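Undergrad: Following our numbering, the numbering of the sequence shown begins with 15 at its first residue and continues without gaps.
A virtual CB, placed ideally from N, CA and C, is assigned to each residue, including glycine.
As the structure is a computational prediction, the values presented were derived from the model and not from experiment.
I have a structure I would like to understand better, so I am pasting it below and will then ask my questions one at a time.
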Amino acid sequence: MADSEGLKARLAPDVAARVQSLRLADGVVTVVLDGAGLDDGARVALEGSVKASLGGSADVREVRVGIVADRPAEAPKPKGPLILAVGSGKGGVGKSTLSANLAVALVRLGLKVGLVDADIYGPSQPRLFANEGIKPVAKDSKMFPVPSKYGVGVLSMGHLIEDGRAIAWRGPMASGALGQLVDAWWGDTQVLVIDLPPGTGDVQLTMIQKHKPAGAVIVSTPQDLALMDASRAMNLFEAAHVPVIGLVENMAGYVCPHCGNVSDPFGMGGVEAAAKELDLPFLGRVPLDLSIRVGSDAGEPPAAGEGPQAEAFMRIARPVAAWIAAQG
Ligand code: ADP
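This is the structure we're talking about:
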């Protein structure tokens with residue numbers, strides 16, 4: 015009297031290896047086989063060979079063969095947000111201001127946006143978004159972004175450290191901390207703006223190589239010196255194969271708070287000329303305007319308001335949004 019093991023032994027080893035289950039009941043053998051990687055012809059041949067091997071004995075009346083389809087392809091990994099890096103060759107040129115206002119402007123254009131403050135040595139985003147002093151909640155050792163009233167979730171080292179305590183981290187420690195801010199629960203966030211630390215050193219390079227931004231925006235003031243730093247930042251992104259979406263000129267033209275006249279303490283148009291020379295898009299300029307500094311310090315990003323300051327940031331955000339849309 016045949017049992018299932020005995021029946022299996024009648025199969026050629028390569029066929030037996032495909033058996034998922036084999037049962038004999040009332041003279042009927044039911045075999046389920048894994049058909050992974052077999053085309054239609056090979057499946058027919060497999061079925062025929064199993065029937066020939068198992069049928070034709072006194073105790074087997076019928077052989078039923080089921081070949082299960084290839085295992086469905088693994089569900090694609092949920093896509094994380096598209097990462098947009100905002101960089102500058104040096105500090106103080108308005109990189110954090112632009113990052114915050116670009117994020118707010120992109121929300122106004124209908125995108126779901128988060129922001130990581132990677133400027134670990136001088137984190138300013140909690141102040142810019144008026145969510146200072148709120149500690150991020152964590153689940154399964156991953157953090158949730160700290161919400162802001164402007165629709166942008168924010169994660170910053172400034173949310174994690176005690177107020178005013180300088181961070182003296184270097185190299186791998188800094189990179190590890192930044193990684194935790196990026197690999198957080200970003201949910202359905204479509205665009206993650208990263209306010210990079212100023213400069214073009216190891217931390218920036220590691221960050222760029224590890225998190226592979228889809229594109230970068232470079233901020234500079236119009237002076238020659240700042241422009242040289244900006245072109246260094248551009249080389250950094252190019253070395254890491256991160257496309258530069260374009261250049262932004264900040265502090266271009268001083269708007270007098272009393273009479274509204276515009277003067278050019280740092281010159282004007284230098285970044286646009288540099289963009290042309292470097293064959294990169296020029297995304298727009300933001301004037302040096304006291305109300306931008308005051309609004310930023312008060313946790314009211316100018317891009318969230320109305321008027322010319324908001325419009326300056328919206329003008330920059332539109333081509334960036336178009337670039338994002340073109341990425342699919
Ligand atoms: P970075 O991130 O490059 O170091 P910040 O964005 O922190 O620079 O800006 C440095 C200072 O300059 C801040 O006090 C900020 O409010 C101010 N600032 C930046 N851009 C402007 C602007 N267009 N008009 C007036 N003040 C500005």
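At a cut-off of 6 Å, would you count D303 as near the ligand ADP, judging by its Cβ distance to the nearest heavy atom?
TA: In the sequence shown, residue 303 corresponds to position 289, counting from 1. Yes, Cβ of D303 sits closer than 6 Å to a heavy atom of the ligand ADP.
Undergrad: Can we say the region 101 to 115 touches the region 186 to 202, given the rule of at least three CB pairs closer than 8 Å?
TA: Touching, no.
Undergrad: Going by DSSP, what residue range makes up the beta strand (DSSP E) through L123?
TA: As a first step, residue 123 must be located in the sequence shown, where it is residue number 109. L123 -> no beta strand (DSSP E), and no H or E assigned at all.
Undergrad: Please name the residue, chosen from A335, V308, G213 and P315, that lies closest to Y164 on a Cα-to-Cα basis.
TA: To locate residue 164, count along the sequence shown from 1; it is residue 150. The option with the nearest alpha carbon to Y164 is P315.
Undergrad: Counting pairs of beta carbons, one from the region 292 to 311 and one from the region 67 to 85, are three or more of them closer than 8 Å?
TA: The region 292 to 311 is not in contact with the region 67 to 85.
Undergrad: P227: buried (16+ other C-beta within 10 angstroms of its C-beta) or exposed?
TA: Here residue 227 is taken as the residue at index 213 of the sequence shown, counted from 1. With 16 or more other Cβ atoms within 10 Å, it is buried.
Undergrad: Could you please give the first and the last residue of the uninterrupted beta strand (DSSP E) stretch that includes T44?
TA: Along the sequence shown, one-based indexing puts residue 44 at 30. Where T44 is concerned, the enclosing beta strand (DSSP E) stretches over V42 to D48.
Undergrad: Residues in its own chain within less than 6 Å of D154 by CB, not counting five upstream and five downstream?
TA: In the sequence shown, residue 154 corresponds to position 140, counting from 1. Hits under 6 Å: none found.
Undergrad: Could you have a look at M242 and say whether DSSP puts it in helix, strand or coil?
TA: On the sequence shown, residue 242 is found 228 positions in, with the first residue counted as 1. Correct three-state label for M242: helix.
Undergrad: Is it right to say P150 is buried, meaning 16 or more other beta carbons lie within 10 angstroms of its own, or is it exposed?
TA: What you label residue 150 is simply residue 136 of the sequence shown in a count that begins at 1. Buried.
Undergrad: Name, in chain order, the residues that DSSP records as bridge partners for N145.
TA: Here residue 145 is taken as the residue at index 131 of the sequence shown, counted from 1. Partner(s): none; N145 has no beta bridge.
Undergrad: Between which two residues does the beta strand (DSSP E) containing G167 stretch?
TA: In the sequence shown, counting from the first residue as 1, residue 167 sits at position 153. Unbroken beta strand (DSSP E) run through G167: G167 to S170.
Undergrad: Applying the 10 Å Cβ sphere with the 16-neighbour rule, what's the burial state of Q341?
TA: Translated into the one-based positions of the sequence shown, residue 341 becomes position 327. Classification of Q341: exposed, given that the 10 Å Cβ count is below 16.
Undergrad: Provide the residue(s) that pair with S35 in DSSP beta bridges, ordered along the chain.
TA: Looking up residue 35 in the sequence shown gives position 21. Per DSSP, V46.
Undergrad: Can you tell me which of the three DSSP states D77 falls into?
TA: As a working note, residue 77 is residue 63 in the sequence shown. In the sequence on display, residue 77 carries Val and not Asp. It is a strand residue.
Undergrad: Less than 6 Å separating the Cβ of G284 from some heavy atom of the ligand ADP?
TA: Locating residue 284 in the sequence shown gives position 270, where the first residue counts as 1. For the ligand ADP, not one heavy atom lies less than 6 Å from the Cβ of G284.
Undergrad: With a threshold of 16 other CB atoms inside 10 Å of the CB of N115, please say whether the residue is buried or exposed.
TA: Translated into positions along the sequence shown, residue 115 becomes position 101. Its Cβ being crowded by 16 or more others within 10 Å, N115 is buried.
Undergrad: Are G267 and P322 touching if we call contact CB-CB under 7 Å?
TA: Position 253 of the sequence shown, counting from 1, holds the residue named residue 267. Position 308 of the sequence shown, counting from 1, holds the residue named residue 322. No, the Cβ-Cβ distance between G267 and P322 is not below 7 Å.
Undergrad: Using only the alpha-carbon positions, how far apart do S170 and S138 sit?
TA: Taking the first residue of the sequence shown as 1, we reach residue 170 at position 156. Taking the first residue of the sequence shown as 1, we reach residue 138 at position 124. Cα-Cα distance, rounded: 8 Å.
Undergrad: Measuring alpha carbon to alpha carbon, tell me which of V46, R57, V64 and T44 ends up nearest A26.
TA: Here residue 26 refers to the residue found at position 12 of the sequence shown. It is V64.
Undergrad: If L206 and G101 are in contact, beta carbons under 8 Å, what's the gap, nearest whole angstrom?
TA: Indexing the sequence shown from 1 puts residue 206 at position 192. Indexing the sequence shown from 1 puts residue 101 at position 87. Contact flag wrong, Cβ pair sits at about 14 Å.
Undergrad: Taking 8 Å as the threshold, find out whether the region 261 to 276 comes into contact with the region 118 to 128 through three or more Cβ pairs.
TA: Output reads no: the region 118 to 128 does not touch the region 261 to 276.
Undergrad: Can you say whether Q218 is buried or exposed, counting buried as having 16 or more other CB atoms within 10 angstroms of its CB?
TA: One-based indexing of the sequence shown puts residue 218 at position 204. The residue is buried, with at least 16 neighbouring Cβ atoms inside 10 Å.
Undergrad: Quick one: Cα of V233 to Cα of L112, how far?
TA: Here the question's residue 233 lines up with position 219 in the sequence shown. Here the question's residue 112 lines up with position 98 in the sequence shown. Approximately 8 Å, taken between the alpha carbons.
Undergrad: Does DSSP put E263 in a helix, in a strand, or in coil?
TA: In the sequence shown, counting from the first residue as 1, residue 263 sits at position 249. E263 falls in the strand class under three-state DSSP.
Undergrad: How about T214: is its Cβ closer than 6 Å to a heavy atom in the ligand ADP?
TA: Within the sequence shown, numbered from 1, the residue matching residue 214 stands at position 200. No.
Undergrad: Name the DSSP beta bridge partners of V269, please?
TA: Walking along the sequence shown from the start, residue 269 turns up at place 255. Note: V269 sits in a beta bridge opposite V276 and D303.
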